[in-house]
Structures are given as C-alpha cells and as structure tokens.
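Top to bottom, those sequences are chains A and B. Each residue of the first sequence is one higher than the one before, starting from 324 at the first, in the working numbering. Each residue of the second sequence is one higher than the one before, starting from 8 at the first, in the working numbering. All C-beta atoms, glycine included, are put in the ideal place defined by N, C-alpha and C. The structure under discussion appears below in the form of structure tokens.
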Amino acid sequence: MKDIPNINEFLNSLLDDELAPRERIQAQRMIAHDRQLQKQLRQLQKCRTLIGSLPLVKAPEQLTEKIKAAVQIETTEQPQRQFDKLKGARHLLFRKVLSVAAMVALLAILGTVVYTIVAPEKVERPTIVGQDLQVPATTVEVDSPEVKLPSLALPKVAKVRPAEPVLLCKLRLSAAAADAIDSFVSRAIQDNGLSQYLSLASRQGKNSYALTCSRKEANLLFNDLAQIWPKLDSATLTVQADADQSGQEIIVKNLSSEQFRQFAGGASLENCVQMAKNFTALNNMTALLPAKEILTTIADSTDERLAIPKPVFTSNDIPAKKQQRRSGLAAEVYLTINITGIGAGD
Amino acid sequence: MGQRTTENVGVNDSVLVELSRQGDSEATERLILKYQHRIYNVILRMCGNVDDAAELTQDTFVKVIKNIGNFQARSSFYTWLFRIAVNLTLNYCQRDMRLSISSLDTQIDSSSGKPRQTLKELLADDSSIDPSAVAANKELCRLLIQMLMNLDESMRVLIVLRDIEGMNYAQIAQILGLELGTVKSRLSRARNALREKLEAFL
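As structure tokens, then:
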C-alpha cells in the first residue's frame with residue numbers, strides 16, 4: 324500500500340477526475356477494500372462540495388463602465404505620460420549639465436584664488452627712456468674762464484642705478500679751436516659706432532656729448548681722443564665709480580695725454596678709478612712744481628696741425644664693423660664730453 | 008456543485024481578441040462582460056474584500072486591454088486573463104496582508120453557533136451535502152469563507168481555482184506557472200488543511 328501523502332493525492336486526483344483510466348481503476352479497487360480510504364474520500368468530497376457551494380458573487384454593476392473609463396484614461400494619458408517622461412528626462416539632463424557647469428565654475432574660481440595666493444611675485448624691470456642701458460648720465464663740462472656757464476640743458480637720460488658697477492666720467496675739454504675739437508670728438512664717436520647711444524645737446528655753441536658705452540668702447544674712444552690732446556688747452560677728468568655709491572668724485576686736473584691713454588687702457592673699472600686717484604695726486608703735486616710740463620704741452624695750440632675736416636655727421640659713415648661692436652657689450656661707462664672754447668688765456 | 012466550468016475558450020474568444028486588438032471597442036466590451044463576474048468572484052474569494060476585489064478586477068481588465076496587442080495566443084485568452092488576475096491578487100495579498108481574520112475561534116464565538124451545528128451535521132459521515140442549501144445559508148457561507156481565508160494564500164488560490172472556478176489541473180498549472188505534479192501535491196495539502204480546520208472547528 325502506498326504511503327499516505329500519495330494516497331491523498333491519489334484520492335484528490337480521483338475526486339477531480341484527473342487520473343488516467345488505469346490509475347482510476349486501481350484507485351477504485353483500493354477504495355473498495357478499504358473503509359478508511361472510503362471515509363477519507365467522502366470527507367474530501369464534502370469539503371470540496373462545501374467550498375464549491377459558495378454562491379457566485381457578481382461584479383458591481385458599474386464595473387464595466389469603470390473599466391472602460393480607466394482604459395480611456397490610460398489611452399489618453401499615455402502620450403502625456405510619455406511626454407512627461409521625456410520632459411522629466413530632459414529636466415534631469417539639464418540639471419546634471421547645470422551641476423557639472425557649477426562644479427567647473429567653482430573649480431575655476433578656486434583655482435584662481437589658489438593661484439593668486441601662491442603665484443610668484445613679478446619683479447618689474449625699470450624702464451629707461453630712450454635707452455636700453457641702465458647707466459646714469461654724467462656730464463663732462465669744459466671750463467672756460469671767460470664763459471659763464473649757464474645751467475646745462477643736458478640731454479636727459481633716464482638715471483637708473485645699474486645693476487653692475489659703472490664708471491661715470493666727465494671729460495671737460497677746453498681749447499681755442501673748440502669747433503674743431505668738437506668736430507673731432509663727434510667724428511670719433513661716430514667712428515666708434517657710438518652715435519646711436521649718443522645724446523647731443525647744444526649749449527650756447529658748446530656741445531655736450533652724453534653717451535653710455537662699455538668700458539672697451541670707452542677705451543677706444545679715449546684712444547681716439549688722445550690724438551687731440553696737444554690741441555687742448557686743458558683737460559679735466561672727473562671720475563665717479565658708482566660701485567661704492569659714495570658719490571665721491573675724483574677730479575683729475577690738467578690731465579695729460581699719456582695719463583688719458585693710461586686711463587683709457589685701464590684693465591678694469593677699479594683700475595681706472597685707482598689710476599684717476601693717482602693722477603689726481605700726481606697732477607696736484609706737479610702743479611706745485613716749477614716744470615709744469617703738462618701745462619706747456621696743453622698750452623700748445625696749433626690749429627693747422629689738426630687739419631681735421633669738419634665731419635658730416637651721418638649714420639651711414641659709421642663703419643659696419645664698429646656698429647656691430649656694441650652687441651653683447653655691457654654698459655659700464657657713462658661718459659659725457661663737454662667742449663668749450665677759451666679766450667686769449669686761461 | 009459550484010461554478011465548475013470548462014469554459015469555452017474556442018473561436019469566440021479568438022475572434023473577440025483579434026477584433027479588440029484591431030481597436031474594436033465593442034469586442035473589448037464583450038470580453039469584459041463575458042469574464043468580469045468570474046474574475047471578480049475568484050479575486051473576491053482570494054482577497055476576501057469587496058472593494059479590493061472590485062479594484063483588482065478593474066486593474067486586471069485594464070491591464071489585459073492595454074496589453075492585448077502583445078497577446079501571442081500561446082495559451083488561451085481565458086488562461087492568460089486569469090493568470091493576470093491571480094498574479095495581481097497574490098501580489099496584493101502579499102503586499103498589504105489585508106486579511107483581518109485574526110482567529111477563527113474568536114469569530115466563531117461571536118456568531119450564533121448555528122453554523123457550527125449545520126456544518127457538523129453536514130460533515131457527519133453519513134450525510135450528504137446539498138449545494139443549494141449551503142449557498143442559501145449565509146451564515147454557513149460566511150463560516151466557510153472565513154475558514155478559506157485562514158488558509159495560506161498559496162493553498163487558498165488552489166482551492167479557489169479548482170473548487171470554485173472549476174479549472175483542471177493543467178489550467179491551474181499554466182496560470183500559476185507550476186508543474187502538474189506540484190499542483191496535485193499542493194492541492195492535496197490544501198484540501199487536507201481545510202478539512203483539518205473544519206474538523207478542528209467542529
């Protein structure tokens with residue numbers, strides 16, 4: 324005999340007419356000989372009958388109309404729902420884009436603030452009016468005992484304290500043939516390719532030349548100027564080394580041509596300054612001496628010996644090689660040459 | 008015996024379904040009218056609440072009409088319709104747990120006791136049951152419904168589909184997505200459970 328769970332299924336299937344014909348015959352045989360099974364089957368049948376006897380409850384009368392109305396609403400709302408869905412998706416996308424944009428803007432602002440705080444400070448370079456050199460101007464004045472020197476209207480050059488030590492030279496030349504001297508100086512400046520660094524001012528017939536140049540260029544110019552020394556009545560060199568910034572001037576009076584040549588050939592700025600000091604001492608002592616050789620030499624003025632044609636100051640005359648000399652040279656000397664004529668005597 | 012039916016799911020349903028898919032509202036209405044009471048009855052016996060049953064019936068037909076274009080006739084329309092109804096009702100029962108019958112003994116105590124006597128008499132070994140007499144006895148019906156509601160919904164749905172709606176095992180298996188053997192075993196357990204409750208009550 325089968326176990327009870329299968330018997331129950333068997334009986335239920337028999338009750339529901341779900342058995343195959345062979346199984347149904349088998350079940351009927353089992354039941355015919357088993358009163359317990361018969362009783363069990365009867366109880367199952369009664370339970371099924373009781374539940375099956377429950378009356379059919381009809382749906383509410385308006386249900387059909389409600390169903391139709393609900394379907395109508397669904398049909399009408401569906402496009403609107405799809406539109407709302409699309410609209411919602413667009414709105415969501417817009418909000419996302421807005422959020423991203425806000426984040427980017429915030430990062431940009433934050434980056435700007437951080438950069439402002441940690442950015443390195445910019446060092447402003449001083450500007451030189453009309454010059455690319457950082458050399459202050461000095462002026463060489465030529466003393467003339469008969470000429471009252473008015474205030475100089477010297478060419479203005481932006482005075483900027485240079486980073487490197489510089490030599491400030493004032494060369495004061497006094498000669499009877501001031502014009503010739505002036506022409507020579509002008510020509511020398513031009514020949515040495517220093518014209519572009521030249522500021523020219525005219526002061527009652529007396530010319531001043533202010534220029535900045537390297538020490539090498541200054542030495543070349545000095546070498547050229549040394550040629551006219553015999554034609555000068557007097558020459559005074561005022562030197563101020565800007566390195567120590569003490570403002571102390573070294574005035575070399577009665578500068579001789581040889582001294583000028585030595586000064587021009589100085590090995591360094593410090594050497595030039597030292598030589599100037601030495602010359603100052605020497606010339607002061609020499610002035611006290613009865614020989615006065617330097618004064619005699621300077622006093623010799625022979626116009627015909629110069630024979631320097633009045634040059635035509637044109638930039639085209641400047642040799643190309645001298646023009647190229649300037650490149651790469653530091654401006655170490657600021658030189659002003661002032662030339663004045665003299666009267667009959669000192 | 009109850010409303011056991013072997014419903015005609017033949018040409019009529021196929022024609023109405025096809026017309027309904029083409030947008031024939033009259034065909035749709037005919038489908039609704041044909042099945043609304045049976046659907047409502049099954050749902051009511053499963054959920055035990057009139058208002059909920061009405062709403063679930065409405066939802067069932069709305070869903071059917073909305074998706075009738077997707078109905079591919081792999082099963083009969085009848086089976087498809089009841090599958091939707093049963094699934095919606097089972098989901099509702101599991102979600103809301105609206106069955107408020109706390110204790111059968113409590114309810115029985117509050118009643119007159121007459122149904123108990125009637126039931127006792129009906130279940131007596133040598134008695135026979137007259138379905139019409141049962142249907143006419145409202146108190147007895149109420150008692151039976153309460154006992155039905157006391158069953159677990161997985162058992163209750165089998166009893167309702169089999170003993171109230173009159174579906175065969177194959178249809179029940181299709182609707183519930185079960186194997187035939189599973190339907191047999193579960194139905195057997197459901198009826199045993201119901202019988203035990205009835206005997207315990209008596």
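Assess contact between the stretch 89–97 of chain B and the stretch 19–29 of chain B, defined as three or more Cβ pairs (one per stretch) separated by less than 8 Å. Is contact present?
no
How close, in whole Å, do the beta carbons of residue 496/A and residue 555/A come, if the pair is a contact with beta carbons under 8 Å?
6 Å
Check whether the Cβ of residue 176/B lies closer than 8 Å to any Cβ atom in chain A.
yes
Apart from the five residues on each side of it in sequence, which residues of its chain come closer than 6 Å, Cβ to Cβ, to residue 587/A?
542, 545, 546
Residue 395/A classed as buried or exposed, judged by whether at least 16 other C-beta atoms fall within 10 angstroms
exposed
Residue 397/A: contacting residues in chain B (beta-carbon distance under 7 Å)
69, 73
Can you tell me where the beta strand (DSSP E) with residue 169/B in it begins and where it stops?
That residue, residue 169/B, is in no beta strand (DSSP E); it is neither H nor E in DSSP.
Check this for me: beta carbons of residue 66/B and residue 374/A, under 8 Å apart or not?
no
Is the beta carbon of residue 75/B less than 8 Å from the beta carbon of residue 64/B?
no
Would you say residue 371/A reaches chain B, if we count a Cβ-Cβ gap shorter than 8 Å as a contact?
yes
Considering only the beta carbon of each residue, do residue 93/B and residue 182/B sit closer than 8 Å?
yes
Chain B contact residues for residue 393/A, given Cβ-Cβ distances below 7 Å:
65, 69
Straight-line Cα distance separating residue 120/B from residue 62/B:
33 Å
Looking at the secondary structure, which residues open and close the beta strand (DSSP E) in which residue 591/A lies?
Element bounds for residue 591/A: n/a, residue is neither H nor E.
Roughly how many angstroms lie between the CA atoms of residue 434/A and residue 419/A, to the nearest whole one?
22 Å
Considering only DSSP beta bridges, list what residue 494/A is partnered with.
560/A, 660/A
For residue 380/A, report the span of its alpha helix (DSSP H) as first-last.
Counting along the chain, residue 380/A falls outside any alpha helix (DSSP H), and DSSP gives it neither H nor E.
Please report the distance separating the alpha-carbon of residue 339/A from that of residue 177/B.
12 Å
Report the three-state DSSP secondary structure of residue 526/A (helix, strand or coil).
With a pLDDT of 49 at residue 526/A, under the threshold of 50, the modelled position of this residue cannot be trusted; read the value that follows with caution. In this structure, residue 526/A counts as strand in the three-state DSSP scheme.
Is there a C-beta anywhere in chain A that falls below 8 Å from the one on residue 29/B?
no
Listed in chain order, which residues of the stretch 32–49 of chain B have Cβ atoms closer than 9 Å to some Cβ of chain A?
32, 35, 36, 39, 40, 43, 44, 45, 46, 47, 48
Please identify the residue among 581/A, 612/A, 573/A, 610/A whose C-alpha is closest to the C-alpha of residue 593/A.
573/A
Short check: CB of residue 51/B to CB of residue 38/B, under 8 Å?
no
Cβ of residue 348/A less than 8 Å from any chain B Cβ?
no
Residue 172/B: buried (16+ other C-beta within 10 angstroms of its C-beta) or exposed?
buried
With DSSP run on the structure shown, which of helix, strand or coil describes residue 641/A?
Note on residue 641/A: pLDDT 44, under 50, position unreliable in the model; the coordinate value appears next. Note: residue 641/A maps to coil in three-state DSSP.
Give every residue of the same chain whose Cβ lies closer than 8 Å to the Cβ of residue 148/B, excluding the five residues on either side of it in the sequence, and list them in chain order.
141, 142
What do you get for residue 399/A, buried or exposed, if any count of 16 or more other CB atoms within 10 angstroms of its CB means buried?
exposed
Using the beta-carbon of each residue, which ones in chain B are nearer than 7 Å to residue 332/A?
191, 192, 195
Using CA atoms only, rank isn't needed, just tell me which of 608/A, 607/A, 597/A, 551/A is closest to residue 662/A.
551/A
Run of the alpha helix (DSSP H) containing residue 136/B, from where it starts to where it stops
Unbroken run through residue 136/B: none, as it is neither H nor E.
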